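In the numbering used here, the protein residues as written are 10 to 188.
One structure below.
What follows is the structure, encoded as structure tokens:
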């Protein structure tokens, strides 16, 4: 599918089939993430692919039990945990570039998964310390986000989006997009 179609089809999927994803497909989405741009090309990101049921359950324990994403983590055959090493990036004018770099890498991964017919759901509302403990992640490494990865077991319904004129400005803040 063409790139614009991939972007339009991407959805946060919360229902998954239990069918495992082929190792080659997982490597394709990781390779897409590896190609993401980063501050000074420092590539601070790392990924942990969690497949074992017990480890996926341990990751799910880092979430509030009322979080709808927990079901997705337990249904999907894999979880991709996004890690970042802040010492392999920089802070400039209060901006932690490891967060931007890691986010770009995760978005590459998510779009590649969509292109392959796989489903994801970006998740970041969790207790980071519990994930670090469950997966043996060193204290200096951060965990900005994670996503279940698998085959969707729900439709990719359209989601409302703001009009371009509400989010894009010409020349200055709130400068009308249409002239």
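Virtual Cβ for every residue (Gly too), placed ideally from N, Cα, C.
In this text the structure is predicted, and so the values were computed from the model without any measurement.
Contacts around residue i, its chain only, beta-carbon distance under 7 Å, and the 5 residues preceding and following it disregarded
| i | result |
| --- | --- |
| residue 69 | 79, 82, 83 |
| residue 76 | 134 |
| residue 37 | 121, 125 |
| residue 30 | 86, 87, 127, 158, 159 |
Assigned exposure category for residue i - 16 Cβ within 10 Å defines buried
| i | result |
| --- | --- |
| residue 140 | buried |
| residue 73 | exposed |
| residue 185 | exposed |
| residue 8 | No statement about residue 8 is possible, as the shown extent of the chain runs from 10 to 188 and does not include it. |
Neighbour flag for residue i against chain B, beta carbons, 8 Å
| i | result |
| --- | --- |
| residue 52 | Absent from the structure: chain B. Only one protein chain is present. |
Sequence-distant residues of the same chain with beta carbon closer than 6 Å to residue i, five excluded per side
| i | result |
| --- | --- |
| residue 161 | 22, 128 |
| residue 20 | 165 |
Nearest to residue i (by Cα), restricted to the options the options
| i | options | result |
| --- | --- | --- |
| residue 49 | 31, 106, 87, 30 | 106 |
| residue 43 | 158, 143, 114, 138 | 114 |
| residue 94 | 86, 88, 54, 65 | 54 |
| residue 143 | 46, 108, 90 | 90 |
| residue 41 | 51, 56, 27, 28 | 56 |
| residue 92 | 103, 110, 104 | 110 |
According to DSSP, residues forming a beta bridge with residue i
| i | result |
| --- | --- |
| residue 39 | According to DSSP, residue 39 bridges with nothing at all. |
Is the stretch 108-127 close to the stretch 61-75, with three or more CB pairs under 8 Å?
no
Does the stretch 99-106 touch the stretch 166-173, meaning 3 or more C-beta pairs lie closer than 8 Å?
no
Under 8 Å, with one C-beta from each stretch per pair, do the stretch 168-184 and the stretch 121-130 reach the 3-pair mark?
With the cut-off at 8 Å, the stretch 168-184 and the stretch 121-130 do not touch.
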